[in-house]
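A.B. asks: Those protein sequences? They're chains X and S, same order as listed. Per my numbering, the very first residue in the first sequence carries number 11; after that it's consecutive. Per my numbering, the very first residue in the second sequence carries number 11; after that it's consecutive. Structure below; questions to follow.
There are 2 protein chains.
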Amino acid sequence: MKDFTLDNLTDVVTEAYTKNTASPRHAEIFGALIKHLHSFAKEVSLTEQEWFEGIQFLTETGKKCDDKRQEFILLSDTLGLSMVVDAINHPKGGKGTESTVLGPFYVEGAPELESGSNIIKGDGDGEVVLVTGTVSDADGKPLKGAKLDVWQTASNQLYDVQDPNAPEWNLRAKIKAKDNGEYSFISEKPTSYPVPTDGPVGRLLSAAGRHAFRPAHLHFIVSAPGYETVTTHIFVDGDKYLDSDAVFATKAKLVTKFISSTDEKLAAEYGLPTPFCRVNYDFGLMPA
Amino acid sequence: MKDFTLDNLTDVVTEAYTKNTASPRHAEIFGALIKHLHSFAKEVSLTEQEWFEGIQFLTETGKKCDDKRQEFILLSDTLGLSMVVDAINHPKGGKGTESTVLGPFYVEGAPELESGSNIIKGDGDGEVVLVTGTVSDADGKPLKGAKLDVWQTASNQLYDVQDPNAPEWNLRAKIKAKDNGEYSFISEKPTSYPVPTDGPVGRLLSAAGRHAFRPAHLHFIVSAPGYETVTTHIFVDGDKYLDSDAVFATKAKLVTKFISSTDEKLAAEYGLPTPFCRVNYDFGLMPA
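Take a look at the structure:
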């Protein structure tokens, strides 16, 4: 019989997860996972106590997940894994809008609203901002049937799903762009905010002496029939956390100026006082 | 500001988790973890869909854990990680009893019973076995005050905590060895059994085309004042799964013959009919 030792364990386990594996892709992933998992433990000479703390950490991370919070995505984000996966699947250099992390607070099923809608459902303590732009292909040709799934924190630094006092779908909507590719909506200027620190990820950040803040941003999932959907943010230029995003998700091309506008025509169109805060961002999608 | 790419992400993330980390050991572990986590994703060019399936898998694994089931330990066991950690911390070649995995079904707080006790609380469908042996130091000197925390499955292949019909602490006890190091107890001969397959780990085994069985064994945690506690099993010689343990935990020196005994004196002492099943295993502990 096999007597398992440090010298043969990784080979034996790898064989067990590859030789009868129906899917070649599964076999590839299992093999790499086992190699790196075992190498990690060997490299640091992981103690049994540390192993058990790891088991407890992962268990607590699972327990923290519910329909409104995804602590494993937050863990992946804060360890930079999400951005590695993003970079693998969306290499730089393309002509379309760059992507970044989904984050743990996306909720499927936000109400579909016409372009021009106001998505502020809460008390509106934040600074009102008019968000405008276009959705086109990478050459600037407007796309018909584009949708922009948007979500963001309120001025209290919380997403609606984190805040028991927030109305449902506050600062969250699926905006239908016009046939000419133009979109607009009224929201609040996003603020920088800490990722949740009351769970295992908070303890990890604390152990590493890292702050938990993300630079202010609006989340977008932009889609159009026949084109590749892009999951991205637009960041507020000048935010003090742009250089130290807790989840490493910043990209220079996604940083955007939020300006003070005195455009009377726009103000009248959207029922805003002047001056008002405004941001414009044009998205470019690649063919699917 | 930093623009994160595949080329710089691992360096940037590693720096973030090591430069301000209070504990040098934490910094070492975080650095190795990030390196292997990122390398894994890059090596297999992990897709976003695969990443998300991984997130869901880990989340479900956490959700499956409760006070009676530890799916993350089972995952660690079935991926061979637990045995790697065992091998790191208990290198072969020592004179003491070899260790193996704790497994996911250990429960702290089993009743303390005198040597010679019967730990069968259930219907006793299994074959009765007399377990005997000694606890000594590695040179064979009997140890005073030794305890043996034992647990095992019943004949229906379930641990008490898996079986709603099992009496509490069935086939589970903390046996106090005698002052001369001898211990004995009456139990049931263990049977091979599948690890739980109704959770994420079951799906993993299935995807890899692996069976879920473990060769029959008794679990032991053997301790004595001043000596290193050993977590181990004794395996039933001849079991057909000894060569393909689902958790890679077999070791040749832990495989033991369960014999049919006609010893009338022993039978009378323990109130057993003859012939009866018997196993003897002598444990050797190393100084703490």
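From the three backbone atoms N, C-alpha and C, an ideal C-beta is built for every residue, glycine too. Just so it is clear, the structure is predicted and the values come from calculations on it, not from any experiment.
Within the chosen definition, does the region 64-83 of chain X reach the region 66-84 of chain S through at least 3 CB pairs nearer than 8 angstroms?
C.D. replies: yes
A.B. asks: Taking beta-carbon pairs under 7 angstroms, can you tell me which members of the region 84-118 of chain S lie near chain X?
C.D. replies: Ser86, Leu89, Gly90, Leu91, Met93, Val94, Val95, Ala97, Ile98, Asn99, Lys102
A.B. asks: Does the beta-carbon of Lys154(S) have 16 or more other beta-carbons within 10 angstroms, so that it is buried, or is it exposed?
C.D. replies: As a first step, residue 154(S) is located in the second sequence; it is residue number 144 there, counting from the start. When all chains shown are included, Lys154(S) counts as exposed.
A.B. asks: Which residues in the same chain have their Cβ closer than 8 angstroms to the Cβ of Asp37(S), if we skip the five residues on either side of it in sequence?
C.D. replies: Residue mapping note: residue 37(S) aligns to position 27 of the second sequence, counting from 1. Here residue 37(S) is Ala; the residue named in the question, Asp, does not match the sequence. These residues qualify, in order along the chain: Tyr27, Thr28, Thr31.
A.B. asks: What do you get for Glu122(S), buried or exposed, if any count of 16 or more other CB atoms within 10 angstroms of its CB means buried?
C.D. replies: Here residue 122(S) refers to the residue found at position 112 when the second sequence is read from its first residue. By the neighbour-count rule (16 or more Cβ atoms within 10 Å), Glu122(S) is not buried but exposed.
A.B. asks: Under 9 angstroms between the Cβ atoms of Cys287(X) and Leu158(X)?
C.D. replies: Locating residue 287(X) in the first sequence gives position 277, counting from the first residue. Locating residue 158(X) in the first sequence gives position 148, counting from the first residue. Against a cut-off of 9 angstroms, the Cβ pair of Leu158(X) and Cys287(X) comes out as no contact.
A.B. asks: Using beta-carbon positions only, say whether Leu91(X) and His229(X) come within less than 9 angstroms of one another.
C.D. replies: Here the question's residue 91(X) lines up with position 81 in the first sequence. Here the question's residue 229(X) lines up with position 219 in the first sequence. It is not a contact, given that the beta carbons lie outside the stated cut-off.
A.B. asks: How about Tyr291(S): is its C-beta nearer than 9 angstroms to some C-beta of chain X?
C.D. replies: Within the second sequence, numbered from 1, the residue matching residue 291(S) stands at position 281. Closer than 9 angstroms: no.
A.B. asks: State the Cα-Cα distance for the pair Asp87(X) and Arg224(X), rounded to the nearest angstrom.
C.D. replies: For the purposes of this step, residue 87(X) is identified with residue 77 of the first sequence, where counting begins at 1. For the purposes of this step, residue 224(X) is identified with residue 214 of the first sequence, where counting begins at 1. Answer to the nearest angstrom: the Cα atoms are 11 angstroms apart.
A.B. asks: Quick one: list the residues of chain X neighbouring Trp61(S), beta-carbon separation under 8 angstroms, in chain order.
C.D. replies: Taking the first residue of the second sequence as 1, we reach residue 61(S) at position 51. Those are Ser86, Leu91, Ser92, Val95, listed as they occur along chain X.
A.B. asks: Taking the CB atoms as reference points, tell me whether Thr110(X) and His221(X) lie closer together than 9 angstroms.
C.D. replies: Numbered from its first residue, the first sequence carries residue 110(X) at position 100. Numbered from its first residue, the first sequence carries residue 221(X) at position 211. Cβ distance not < 9 angstroms, so Thr110(X) and His221(X) don't count as in contact.
A.B. asks: Going by C-alpha to C-alpha distance, which of Val211(X), Ala234(X), Asp149(X), Gly248(X) sits closest to Thr201(X)?
C.D. replies: Translated into the one-based positions of the first sequence, residue 201(X) becomes position 191. Among Val211(X), Ala234(X), Asp149(X), Gly248(X), the Cα nearest to that of Thr201(X) is on Gly248(X).
A.B. asks: So Ser55(S) contacts chain X; which residues on that side make the cut at Cβ distance below 7 angstroms?
C.D. replies: Locating residue 55(S) in the second sequence gives position 45, counting from the first residue. What Ser55(S) touches in chain X: Ile98.
A.B. asks: Starting from Lys184(X), find everything on chain S with Cβ-Cβ shorter than 7 angstroms and list it in chain order.
C.D. replies: Counted from its first residue, the first sequence places residue 184(X) at position 174. Here the premise fails: no neighbours, minimum Cβ distance about 20 angstroms.
A.B. asks: If we ignore side chains and look at the alpha-carbon of each, how far apart do Ala97(X) and Gly236(X) end up?
C.D. replies: The count along the first sequence starts at 1 and reaches residue 97(X) at position 87. The count along the first sequence starts at 1 and reaches residue 236(X) at position 226. Taking the straight line from one Cα to the other gives about 22 angstroms.
A.B. asks: Helix, strand or coil for Tyr280(S) per DSSP?
C.D. replies: Looking up residue 280(S) in the second sequence gives position 270. Of the three classes helix, strand and coil, the one that applies to Tyr280(S) here is helix, per DSSP.
A.B. asks: Taking Thr144(S) as the query, report the chain X residues whose CB atoms sit under 9 angstroms from its CB, ordered along the chain.
C.D. replies: If you number the second sequence from 1, residue 144(S) lands on position 134. Simply none; closest approach about 24 angstroms.
A.B. asks: Across which residues does DSSP place His229(S) in a beta bridge pair?
C.D. replies: On the second sequence, position 219 is the one that residue 229(S) refers to. According to DSSP, which records beta bridges pairwise, His229(S) is partnered with Trp161(S), His243(S).
A.B. asks: Cβ of Phe62(X) within 9 angstroms of Cβ of Val23(S)?
C.D. replies: What you label residue 62(X) is simply residue 52 of the first sequence in a count that begins at 1. What you label residue 23(S) is simply residue 13 of the second sequence in a count that begins at 1. Between Phe62(X) and Val23(S), the CB-CB gap reaches or exceeds 9 angstroms.
A.B. asks: Going by the CB atoms, is the gap between Glu198(S) and Gln162(S) shorter than 9 angstroms?
C.D. replies: What you label residue 162(S) is simply residue 152 of the second sequence in a count that begins at 1. What you label residue 198(S) is simply residue 188 of the second sequence in a count that begins at 1. Cβ distance < 9 angstroms, so Gln162(S) and Glu198(S) count as in contact.
A.B. asks: Return the first residue and the last residue of the beta strand (DSSP E) that Leu112(S) is part of.
C.D. replies: One-based indexing of the second sequence puts residue 112(S) at position 102. That residue, Leu112(S), is in no beta strand (DSSP E); it is neither H nor E in DSSP.
A.B. asks: Under the rule that 16 or more other beta-carbon atoms within 10 Å means buried, what is Ser8(X), buried or exposed?
C.D. replies: Residue 8(X) lies beyond the stretch modelled for chain X, which goes from 11 to 298, so this question has no answer here.
A.B. asks: Considering only DSSP beta bridges, list what Ser146(S) is partnered with.
C.D. replies: For this step, residue 146(S) is matched to residue 136 along the second sequence. DSSP lists Pro152(S), Gly294(S) as partners of Ser146(S).
A.B. asks: Within the chosen definition, does the region 45-53 of chain S reach the region 37-49 of chain X through at least 3 CB pairs nearer than 8 angstroms?
C.D. replies: yes
A.B. asks: Do you know offhand how far Lys131(S)'s Cα is from Lys184(S)'s?
C.D. replies: On the second sequence, position 121 is the one that residue 131(S) refers to. On the second sequence, position 174 is the one that residue 184(S) refers to. Taking the straight line joining both Cα atoms gives about 14 angstroms.
A.B. asks: So who's on the other strand from Arg182(S), going by DSSP bridges?
C.D. replies: The residue labelled residue 182(S) in the question sits at position 172 within the second sequence. Paired residue(s): Trp161(S).
A.B. asks: Spatial neighbours of Thr190(S) within its chain, please: C-beta separation below 7 angstroms, excluding the five flanking residues on both sides.
C.D. replies: Here residue 190(S) is taken as the residue at index 180 of the second sequence, counted from 1. The displayed chain sequence assigns Asn, not Thr, to residue 190(S). If you ignore the 5 residues before and after Asn190(S), its C-beta comes within less than 7 angstroms of the C-beta of Pro152, all in its own chain and listed in chain order.
A.B. asks: Tell whether a beta-carbon distance below 9 angstroms holds between Val160(X) and Ile196(X).
C.D. replies: Translated into positions along the first sequence, residue 160(X) becomes position 150. Translated into positions along the first sequence, residue 196(X) becomes position 186. Cβ atoms of Val160(X) and Ile196(X): not closer than 9 angstroms.
A.B. asks: Which one of Thr15(X), Phe115(X), Lys267(X) has the shortest CA to CA distance from Val94(S)?
C.D. replies: The residue you call residue 94(S) lines up with position 84 of the second sequence. Measuring from the Cα of Val94(S), the nearest candidate turns out to be Thr15(X).
A.B. asks: Run through DSSP, which three-state label would Val138(S) get?
C.D. replies: Stepping through the second sequence from its first residue, residue 138(S) is reached at position 128. Strand at Val138(S).
A.B. asks: When burial is assigned at 16 or more other CB atoms within 10 Å of the CB, is Ile39(S) buried or exposed?
C.D. replies: Mapped onto the second sequence, residue 39(S) falls at position 29. Result: buried.
A.B. asks: Can you find the residues in the same chain that come closer than 8 angstroms, C-beta to C-beta, to Lys45(X), ignoring five residues on each side of it along the sequence?
C.D. replies: Taking the first residue of the first sequence as position 1, residue 45(X) is located at position 35. Counting only Cβ-Cβ distances below 8 angstroms, and skipping sequence neighbours, we find Thr20, Thr24.
A.B. asks: Do the region 207-216 of chain S and the region 171-186 of chain S make contact, defined as three or more Cβ pairs closer than 8 angstroms?
C.D. replies: no
A.B. asks: Sorted by chain position, which residues of the same chain lie with C-beta nearer than 6 angstroms to His100(S)'s C-beta, five sequence neighbours on each side aside?
C.D. replies: What you label residue 100(S) is simply residue 90 of the second sequence in a count that begins at 1. Correct list, in chain order: Ser109.
A.B. asks: From this set, Phe268(S), Thr207(S), Cys75(S), Tyr251(S), which residue's C-alpha is nearest Asn290(S)'s C-alpha?
C.D. replies: As a working note, residue 290(S) is residue 280 in the second sequence. It is Phe268(S).
A.B. asks: Does Arg220(X) come within less than 9 angstroms of chain S when only Cβ atoms are used?
C.D. replies: Walking along the first sequence from the start, residue 220(X) turns up at place 210. Taking Cβ atoms only, chain S reaches closer than 9 angstroms to Arg220(X), which makes this a yes.
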